[in-house]
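Peer 1: One structure coming up, written as structure tokens, with questions to follow.
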Amino acid sequence: MTNRNTVTYNSMISAYAKNGRVVEARRLFDQMPYRNLVSWNTMIAGYSHNGCVAEAAELFDRMPKRDAFSWTLMITCYTRNGELEEARRLFDRMPEKDVVSWNLMVEGFVRVGDLVSAFECFRRIPNPNVISWVTLLNGYCKSGCIVEGRRIFDQMPEKNVVSWNAMLAGYIRCLQIDEAYQLFMEMPERNSISWTTMIDGYVQCGIMDEALELFMRMPKKDVVSWNTMIAGYAQDGQMDKALRFFHEMVKKNRVSWNSVISGFIQNGFYVEALQHFKMMRKEGKDPDWSTFACALSGCANLAALQVGTQLHNLLLKSGHIIDIFAGNALITMYARCGRILTARQVFDEMVSVDLVSWNSLIAGHALNGYAKAAISIFQEMKKNGVAPDEVTFIGLLSACSHAGMVDDGLELFYSMSRDYPITPVAEHYACVVDLLGRAGRLGEALKLVKGMPIKANAGIWGSLLGACRMHKNPEVANVAAEKLFEFEPHTTSNYVLLSNIHAEAGSWGEVERVRVLMKERGVWKQPARSWIEIKNEVRSFSSDDSTEPRAAEVFMVLRVLNAQMRNIGHMSDSSLLDCG
DNA sequence: TATGCGTAGT
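When you read off a place in the first sequence, starting at 1, and then add 38, the result is the number in our numbering.
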């Protein structure tokens, strides 16, 4: 029984489900006077789309009649939600397997990285179509088996533009940019995806000039190619160019806004990120979870609690559920703003949490000096069956370091590789050096650094040098400084620090040695500059005709200054998020 | 304009 009414209902169910409103979709489904097969299928698709596996399965079992759509929808639901075994069982039960269902199973194996089963499954397909081939090709390329991928590509009986694009993306995923370009030139036809993939390839290799050249050559530039350039420049640290592209765009979409906002965050322009968040809303573009996460990260870095709280309210009001991403961003924001109890409250109210949530909570407590709490959260986390990772230990070690809990910290450090399969990286060593350094155990710290299996970086040596100042140890200071100078030969503050250590010890000969060193290296007449001095310098750029500063340099300096100068309290008073 | 599989952007 199908009439116009049924079709309307079906469209509405689909529309609701696609927007995450699965409860409303179900209410409509239950209200329908007549449900046809498509209604059932649409509802299952809706559940599948929103990760509601159990609900989909329940409907699938109850439906009066099933067609090929029903089966493949349910298989998709399982494979896309990480239940490959269930998918496999259902597939085995499927009465007449069509090529779509076969392709889904190949894709399911590809998703979990089981290429052997994927290939085996592919081989059994009676009449593989071009989609079957592309799915397999993708599997190899995504696992970095580019040679295998190429072999599949060469064996394909028919190739369309999608096949070529998949091979192109494969080369780019493996960062084989020359091979990619060669393939790009060989392509019998190119669509906008081919162009954008190639442009993005140059972006990923950090070759923005080539990306730009290709973008200019692109016949019909669409919003995605523009967005790729914006994200590319942002990633490359060239926010001025990213912003220019953004302003020149005629039709900006949500991704354009997100790209520029996230670019600001990546490059430390937090105020600008929040301003653009506001502008985005003013222009009637709805922020999504990614926008919110960026804005919250901006607040976290500025310690802008008032704005962050407004964002939290906005998030609740806009009907977004506080999912894992948003929840984690909120935890970090509140913790960085010193509201550790609120951070904990957000954590407790989250429907589900992941490792990042735990890590954010631990790091938040560490940051606020609650080392004991950080460790007890770690215990709680383990009790919940969540295994720690590198980030967890950075939080724990920094907690111990701030609280002077040397023995606990060392024990945690050693337990990393002993009890968990986690190899300490430079950041962990930096924490432990800091830990030992603050406690005055400089000899041990130096010994640790010298025995490191990886090369110590500037952060580690810098941390050691700082500790030498605190505990007046010129001998270790000389060793640390020498290493630090290898990384940062022109950073004045390092020399000044070393000089001060010797001065405090009364070793004027050593002080003089450092001064000579500075002079030799041309750093000695570079006083630490206040922002006012930098600002004047920037201003003088325009009147100084001997050197024409690059626009980018001026832009960067000005932005940093703006961010520093602006009063955050004032910013929230001017109701940053209030868009009338 | 109602439902299933493959290629691009935060």
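Built from N, CA and C at the ideal position, the CB exists for glycine as well.
Only a predicted model underlies this, so the values are computations on that prediction, with no experimental measurement involved.
Mind listing, in chain order, the continuous alpha helix (DSSP H) runs of no fewer than 4 residues lying wholly within the region 367-442?
Peer 2: As far as the region 367-442 is concerned, its whole alpha helix (DSSP H) runs of at least 4 residues are 378-387, 393-405, 409-421, 428-441.
Peer 1: Give the secondary structure of residue 530 by DSSP, where H, G and I count as helix, E and B as strand, and everything else as coil.
Peer 2: helix
Peer 1: Go through its chain and collect everything with a Cβ distance to residue 48's Cβ below 6 Å, but skip five positions before and after it.
Peer 2: 76, 77, 80
Peer 1: Which residues in the same chain have their Cβ closer than 6 Å to the Cβ of residue 116, if we skip the five residues on either side of it in sequence?
Peer 2: Hits under 6 Å: 124, 125.
Peer 1: Mind pulling the alpha helix (DSSP H) runs of 4 or more residues that sit fully within the region 233-320?
Peer 2: 246-255, 261-273, 277-286, 292-304, 308-320
Peer 1: Between the beta-carbon of residue 301 and the beta-carbon of residue 277, is there less than 8 Å?
Peer 2: yes
Peer 1: With a threshold of 8 Å, are at least 3 pairs of Cβ atoms found where one atom belongs to the region 203-222 and the other to the region 177-190?
Peer 2: yes
Peer 1: In this structure, how does DSSP classify residue 51 when only helix, strand and coil are distinguished?
Peer 2: helix
Peer 1: Is it buried or exposed, residue 192, if we count other Cβ atoms within 10 angstroms and call 16 or more buried?
Peer 2: exposed
Peer 1: Look up residue 29 in the DSSP assignment and say whether it is helix, strand or coil.
Peer 2: Because the chain spans 39 through 618 in this model, residue 29 falls outside it and cannot be assessed.
Peer 1: Taking just the CA atoms, how far does residue 285 sit from residue 593?
Peer 2: Caution is warranted here: a pLDDT of 41 is assigned to residue 593, below 50, making its placement in the model unreliable, and the coordinate value is therefore given only provisionally. Rounded to the nearest angstrom, the two C-alpha atoms are 15 Å apart.
Peer 1: Roughly how many angstroms separate the alpha carbons of residue 596 and residue 311, rounded to a whole number?
Peer 2: For residue 596, the pLDDT reaches just 44, beneath the cut-off of 50, and the residue's location in the model is therefore unreliable, although a value from the coordinates is still provided. Near 15 Å, if we compare the C-alpha coordinates of residue 311 and residue 596.
Peer 1: Would you be able to state if there are at least three C-beta pairs under 8 Å between the region 133-140 and the region 148-155?
Peer 2: no
Peer 1: At what residues does the alpha helix (DSSP H) containing residue 149 begin and finish?
Peer 2: Counting along the chain, the alpha helix (DSSP H) containing residue 149 begins and ends at 137-149.
Peer 1: For residue 99, which three-state DSSP category applies?
Peer 2: helix
Peer 1: In three-state terms, what does DSSP make of residue 446?
Peer 2: Looking at residue 446 - three-state DSSP - the assignment turns out to be helix.
Peer 1: If we ignore side chains and look at the alpha-carbon of each, how far apart do residue 270 and residue 238 end up?
Peer 2: Between the alpha carbons of residue 270 and residue 238 lies a distance of about 8 Å.
Peer 1: Whole angstroms is fine: what's the gap from residue 250's alpha carbon to residue 533's?
Peer 2: 41 Å
Peer 1: What's the gap between the Cα of residue 139 and the Cα of residue 261?
Peer 2: 33 Å
Peer 1: If I'm right that residue 375 touches residue 341 with Cβ under 8 Å, what's the distance once you round it to whole angstroms?
Peer 2: 5 Å
Peer 1: Along the chain, where does the alpha helix (DSSP H) that runs through residue 172 open and close?
Peer 2: 168-180
Peer 1: Would you tell me roughly how many angstroms separate the C-alpha atoms of residue 398 and residue 435, rounded to the nearest one?
Peer 2: 14 Å
Peer 1: Using alpha carbons as the reference points, say which of 495, 502, 128, 461 lies closest to residue 479.
Peer 2: 502
Peer 1: Can you find the residues in the same chain that come closer than 7 Å, C-beta to C-beta, to residue 194, ignoring five residues on each side of it along the sequence?
Peer 2: 171, 201
Peer 1: On the CB-based measure, 16 or more other CB atoms within 10 Å of its CB, does residue 585 come out buried or exposed?
Peer 2: Low confidence applies to residue 585: its pLDDT is 35, below 50, so where it sits in the model is not reliable, and the reading given next is rough at best. Looking at its Cβ environment, which holds fewer than 16 other Cβ atoms inside 10 Å, residue 585 is exposed.
Peer 1: Of the residues 363, 107, 457, 500, which one's Cα is nearest the Cα of residue 467?
Peer 2: 500
Peer 1: Going by DSSP in three states, residue 56 sits in which element: helix, strand or coil?
Peer 2: helix
Peer 1: Are the beta-carbon atoms of residue 497 and residue 476 separated by less than 8 Å?
Peer 2: no
Peer 1: Pull up the distance between the alpha-carbon of residue 357 and that of residue 324, whole angstroms please.
Peer 2: 12 Å
Peer 1: Please state the DSSP three-state secondary structure of residue 364.
Peer 2: helix
Peer 1: Return the Cβ separation of residue 274 and residue 246 in integer angstroms, given the expectation that the two are a contact with Cβ distance under 8 Å.
Peer 2: 5 Å
Peer 1: Is the number of C-beta pairs between the region 488-496 and the region 449-459 that are closer than 8 Å three or more?
Peer 2: no
Peer 1: Distance check for residue 388 and residue 351, CA to CA, integer angstroms please.
Peer 2: 15 Å
Peer 1: Measuring straight from C-alpha to C-alpha, what distance separates residue 322 and residue 222?
Peer 2: Answer to the nearest angstrom: the Cα atoms are 38 Å apart.
Peer 1: Please name the residue in 395, 523, 414 whose C-alpha comes closest to that of residue 427.
Peer 2: Ranking 395, 523, 414 by Cα distance to residue 427 puts 395 first.
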